[in-house]
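Residue numbers (this note's numbering), protein chains in the order written: chain A, 694 to 859; chain U, 694 to 859. This report refers to the structure that appears directly beneath it.
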DNA sequence: TTTTATTTTCAGTAAGTTTTGAAAGAATAA
DNA sequence: TTATTCTTTCAAAACTTACTGAAAATAAAA
């Protein structure tokens with residue numbers, strides 16, 4: 694595969710994969726485009742490259758900035774805003790974990806907390822409380838594991854010394 | 694909160710949370726309903742309780758069976774099929790991890806494999822290859838970590854001896 | 001100040017996903 | 001065999017989410 698095809702394929706694939714990752718197509722495509730861009734890009738560049746509207750570009754760029762996956766870059770003498778992607782993959786992975794945990798795990802823990810004080814007594818209530826406790830055990834463990842992960846060094850996770858020799 | 698409210702809240706909350714978990718509302722609600730049901734339920738029971746159509750019930754029950762979260766139970770002398778949920782939470786968690794990995798991680802690894810042989814030489818190609826390698830490093834590590842997790846014992850993960858004293 | 005360049009917002013529309021319900025299919029009973 | 005009961009399928013409808021494009025807001029330049 695040649696370089697140009699590769700880049701094109703990466704953007705398309707990232708967009709398609711994004712939908713399976715709780716990220717919309719366009720947000721994932723913009724992220725991919727910025728990841729492979731050698732220079733920062735402005736809104737216009739992105740609109741043109743991905744054939745999307747200004748509104749769409751703007752909304753998804755802001756979402757990417759909320760996730761700390763993309764930063765604004767202000768060029769001296771330029772009125773327009775330029776955008777760069779966070780290139781450190783461990784930062785990217787950590788931020789994605791943080792956001793997904795917020796969306797997928799934390800609301801669940803809140804519900805389980807509410808449910809853990811149902812009245813005992815009625816037939817079946819004991820089993821119900823047991824179930825909630827079991828679910829909570831796993832959810833809390835997942836929560837604390839992901840917390841440590843996002844606070845750890847990339848080498849601990851991947852078991853390499855990549856960064857040091859870069 | 695009383696027992697009845699608790700059950701109702703659990704079903705509703707599970708449905709809402711499901712959408713953030715890549716599972717549709719109804720599939721998650723049926724799962725919740727079966728998890729708290731003391732006896733196996735038939736399609737009719739589920740349709741009535743959740744106020745959904747027969748087609749919807751049928752499709753989502755099949756999806757739950759594909760995920761190994763629900764089993765058919767055939768009662769002697771009964772023509773209808775009955776359904777029970779897998780009640781062992783570790784089994785539930787493992788199966789959900791397996792399915793989500795299949796949907797979210799494995800397609801990504803396939804794309805990265807394809808992309809890892811782009812031609813070198815053109816300006817920027819080196820950086821692109823470096824990026825793909827970095828992403829692959831994390832994706833592969835996540836893949837192997839989740840693989841071990843789904844093959845491990847629940848005690849190893851949650852650090853309790855829950856099962857033994859049950 | 002007014003003009004011009006750029007970003008942001010949001011109502012309307014388009015695209016994608018889930019649900020319904022009726023018809024077809026399958027299995028058992030009569 | 002035919003009738004009965006239950007399951008499965010799938011086209012159309014309902015719902016949900018994402019995108020567009022034009023208008024409003026903002027900010028720099030003249």
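All C-beta atoms, glycine included, are put in the ideal place defined by N, C-alpha and C.
Distance between residue j and residue i (C-alpha atoms, nearest Å)
i                     : j                     : result
residue 858 (chain U) : residue 717 (chain U) : Unreliable placement is indicated for residue 858 (chain U), whose pLDDT of 47 sits below 50; no coordinate value is reported for it.
residue 842 (chain A) : residue 796 (chain A) : 17 Å
residue 766 (chain U) : residue 773 (chain U) : 10 Å
residue 824 (chain A) : residue 777 (chain A) : 46 Å
residue 743 (chain U) : residue 701 (chain U) : 10 Å
residue 833 (chain A) : residue 826 (chain A) : 10 Å
residue 781 (chain U) : residue 831 (chain A) : 12 Å
residue 741 (chain U) : residue 788 (chain U) : 28 Å
residue 706 (chain A) : residue 852 (chain U) : 38 Å
residue 848 (chain A) : residue 783 (chain A) : 9 Å
residue 771 (chain U) : residue 745 (chain A) : 57 Å
residue 769 (chain U) : residue 747 (chain U) : 23 Å
residue 837 (chain U) : residue 713 (chain U) : 24 Å
residue 839 (chain A) : residue 840 (chain U) : 17 Å
residue 731 (chain A) : residue 731 (chain U) : 60 Å
Cβ shell of residue i (< 7 Å), same chain only, five flanking positions each side left out
i                     : result
residue 811 (chain A) : 818, 821 and 822
residue 814 (chain U) : none
residue 739 (chain A) : 723, 726 and 750
residue 735 (chain U) : 773, 774 and 775
residue 828 (chain A) : 805
Residue i (DSSP reduced to helix, strand or coil)
i                     : result
residue 716 (chain A) : coil
CB of residue i within 8 Å of CB of residue j, strictly
i                     : j                     : result
residue 703 (chain U) : residue 728 (chain A) : no
residue 835 (chain A) : residue 805 (chain A) : no
residue 733 (chain U) : residue 775 (chain U) : yes
residue 699 (chain A) : residue 722 (chain A) : no
residue 803 (chain A) : residue 715 (chain A) : no
Same chain only: Cβ atoms within 8 Å of residue i, ignoring 5 sequence neighbours per side
i                     : result
residue 720 (chain A) : 711, 753, 756 and 757
residue 791 (chain U) : 843
residue 760 (chain A) : 788, 789 and 792
residue 694 (chain A) : 702
residue 737 (chain A) : 773
Cutoff 6 Å; reference residue i; Cβ partners in own chain excluding five residues on either side
i                     : result
residue 749 (chain U) : 719
residue 779 (chain A) : 762 and 785
residue 846 (chain A) : none
residue 801 (chain A) : 832
residue 850 (chain A) : none
residue 764 (chain A) : 777
residue 816 (chain A) : none
Uninterrupted beta strand (DSSP E) stretches inside the region 788 to 827 of chain A (no shorter than 3 residues): none
Segments of 3+ residues assigned as beta strand (DSSP E) that fall wholly inside the region 710 to 774 of chain U: 763 to 767
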